[in-house]
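Asks: One line per chain: the protein sequences are A and B, in this order.
Last residue of the first sequence: 125 (the working numbering), numbering continuous.
Last residue of the second sequence: 125 (the working numbering), numbering continuous.
There are 2 protein chains.
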Amino acid sequence: MTDTATPDKTLLIASNRVDEMTVRSRDGEKMGHVHSYMVNKRTGTVTHAVLSLGGFLGLNKSYYPLPFELLSYNAVDDLYIVTVDRRLLEGGPSWSNNAPDFNQAYADRVASYYDTRHEAIQPGD
Amino acid sequence: MTDTATPDKTLLIASNRVDEMTVRSRDGEKMGHVHSYMVNKRTGTVTHAVLSLGGFLGLNKSYYPLPFELLSYNAVDDLYIVTVDRRLLEGGPSWSNNAPDFNQAYADRVASYYDTRHEAIQPGD
Numbered sequence: 001m002t003d004t005a006t007p008d009k010t011l012l013i014a015s016n017r018v019d020e021m022t023v024r025s026r027d028g029e030k031m032g033h034v035h036s037y038m039v040n041k042r043t044g045t046v047t048h049a050v051l052s053l054g055g056f057l058g059l060n061k062s063y064y065p066l067p068f069e070l071l072s073y074n075a076v077d078d079l080y081i082v083t084v085d086r087r088l089l090e091g092g093p094s095w096s097n098n099a100p101d102f103n104q105a106y107a108d109r110v111a112s113y114y115d116t117r118h119e120a121i122q123p124g125d
Numbered sequence: 001m002t003d004t005a006t007p008d009k010t011l012l013i014a015s016n017r018v019d020e021m022t023v024r025s026r027d028g029e030k031m032g033h034v035h036s037y038m039v040n041k042r043t044g045t046v047t048h049a050v051l052s053l054g055g056f057l058g059l060n061k062s063y064y065p066l067p068f069e070l071l072s073y074n075a076v077d078d079l080y081i082v083t084v085d086r087r088l089l090e091g092g093p094s095w096s097n098n099a100p101d102f103n104q105a106y107a108d109r110v111a112s113y114y115d116t117r118h119e120a121i122q123p124g125d
């Protein structure tokens, strides 16, 4: 929970270090951190951030896939703010131990829950 | 070096699993794999893929940051093809042990080498 400004920090992060990104609620409460991004391999677009929330000393963590557009990047504190209500997130799609196959059906389910734009993620041609 | 078609594989990949992505040259030769993506935290755009090339049994690997636009995704084989000449890539910016700070100056250097579009990655306001 740092408030140090990092104005000269660059905006780029290596995908294997995204778990350094803290996630806060709209009220400023620390909620957890980013576990991973889901990335469209063809376009190079991050479609979702999988958030790692809860747990104590790393136990009982749960993972919440959130459409990336529902995160707001705060450059001053170099963290993300969840733009939807915390309870909405906590009631949403999530898993603890067995990560789902993040296929079209699962992406549709997440999009439907958050009422975000449906986007086809199958390769197509 | 699989040629199995994976037409129903989804296009999404978790950022902590990008090292599963094979990279081939334009001639179809296996060159290595993706080590990581560099991602713009604000926009969720992959700006570069850091390729892991060479080495034997994991030794002496080198890492080559390539502007993402110079990779072409092949959905049939679910891999990337480097669209520039292999020798151009091998003569480009790279590192072995000490990853550089991927700041504006470094991004500029990569863009300059590959003559790609310069993009400001500082937070701005």
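Virtual Cβ for every residue (Gly too), placed ideally from N, Cα, C.
For the alpha helix (DSSP H) containing B/Ser-187, name the first residue and the last one.
Replies: The requested residue 187 of chain B does not occur in the structure, where chain B is confined to residues 1 to 125.
Asks: Going by beta carbon distance, what residues of the same chain come within less than 6 Å of B/Gly-72, once the five residues before and after it are set aside?
Replies: Reading off the sequence, residue 72 of chain B comes out as Ser, not Gly. Here the set comprises Ile-81, Thr-83.
Asks: Can you tell which of A/Thr-43, A/Ser-36, A/Arg-24, A/Lys-61 has its C-alpha closest to the C-alpha of A/Trp-95?
Replies: It is A/Lys-61.
Asks: Can you grab the Cα-Cα spacing for the pair B/Gly-91 / A/Val-34, in whole Å?
Replies: 35 Å
Asks: For A/Ser-25, which three-state DSSP category applies?
Replies: A/Ser-25 sits in coil when the DSSP states are folded into three classes, being neither helix nor strand.
Asks: Just mark B/Leu-53 as buried or exposed, buried being the case when its beta carbon has 16 or more other beta carbons within 10 Å.
Replies: buried
Asks: For a cutoff of 9 Å on Cβ pairs, would you count A/Ala-107 as touching chain B?
Replies: yes
Asks: For the stretch 61-88 of chain B, which segments carrying the beta strand (DSSP E) assignment without a break, of at least 3 residues, lie completely within its bounds, in sequence order?
Replies: 62-67, 71-74, 79-82
Asks: Any beta carbon from chain B within less than 9 Å of A/His-33's own beta carbon?
Replies: no
Asks: If you drop the 5 nearest sequence neighbours on each side, which residues of the same chain put their C-beta closer than 6 Å to that of B/Arg-86?
Replies: Ser-25
Asks: Output yes if chain A places a C-beta closer than 9 Å to the C-beta of B/Gly-44; else output no.
Replies: yes
Asks: With a threshold of 8 Å, are at least 3 pairs of Cβ atoms found where one atom belongs to the stretch 41-50 of chain A and the other to the stretch 64-79 of chain B?
Replies: yes
Asks: In chain order, what residues of the same chain lie with their CB nearer than 8 Å to the CB of A/Asp-19, ignoring the 5 residues before and after it?
Replies: His-33, Val-34, His-35, Ser-36, Ser-52
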